[in-house]
Amino acid sequence: MELPIAVLIHNELAGLKGVEGFLHQISENGYYILQYSFGQNVHRVLLPIQETALIFKEPEEAIETPMEVER
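Residue numbers (my numbering): 139 to 209.
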């Protein structure tokens, strides 16, 4: 994975619900280093990994695999 990468940020403490941003780094101290727009400005923030969900903005290609269902 090459950084920075576009993500959707979810963090209840910061009130972020699917906010678009960029992941710049994953800190050894347990934090994501992210950048996102807040109002008219762009800010870099540290959010704890354990309390933050990141979703890659670009969807993955669908992989069709045959699936057998046992009845």
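Built from N, CA and C at the ideal position, the CB exists for glycine as well.
Please read these numbers as outputs of a predicted model, since none were measured by experiment.
Roughly how many angstroms separate the alpha carbons of residue i and residue j, rounded to a whole number?
| i | j | result |
| --- | --- | --- |
| valine 180 | glutamine 188 | 24 Å |
| isoleucine 164 | proline 186 | 10 Å |
| arginine 182 | glycine 168 | 16 Å |
Apart from the five residues just before and just after residue i, which ones in its own chain have a Cβ nearer than 6 Å to its Cβ?
| i | result |
| --- | --- |
| isoleucine 143 | Leu161 |
Considering only their Cβ atoms, is the gap separating residue j from residue i smaller than 9 Å?
| i | j | result |
| --- | --- | --- |
| leucine 154 | isoleucine 193 | no |
| glutamate 158 | serine 175 | yes |
Per DSSP, residue i is paired with what?
| i | result |
| --- | --- |
| isoleucine 193 | Leu146 |
| arginine 182 | Gln173 |
| glutamine 188 | Answer is none; glutamine 188 lacks a bridge partner. |
Under 7 Å Cβ to Cβ from residue i, same chain only, skipping five residues before and after it: list those, please.
| i | result |
| --- | --- |
| leucine 131 | The structure shown does not extend to residue 131, since the chain is modelled only from 139 to 209, so the question has no answer here. |
Would you mind sorting residue i into buried or exposed? The rule is 16 or more other CB atoms within 10 Å of its CB.
| i | result |
| --- | --- |
| leucine 172 | buried |
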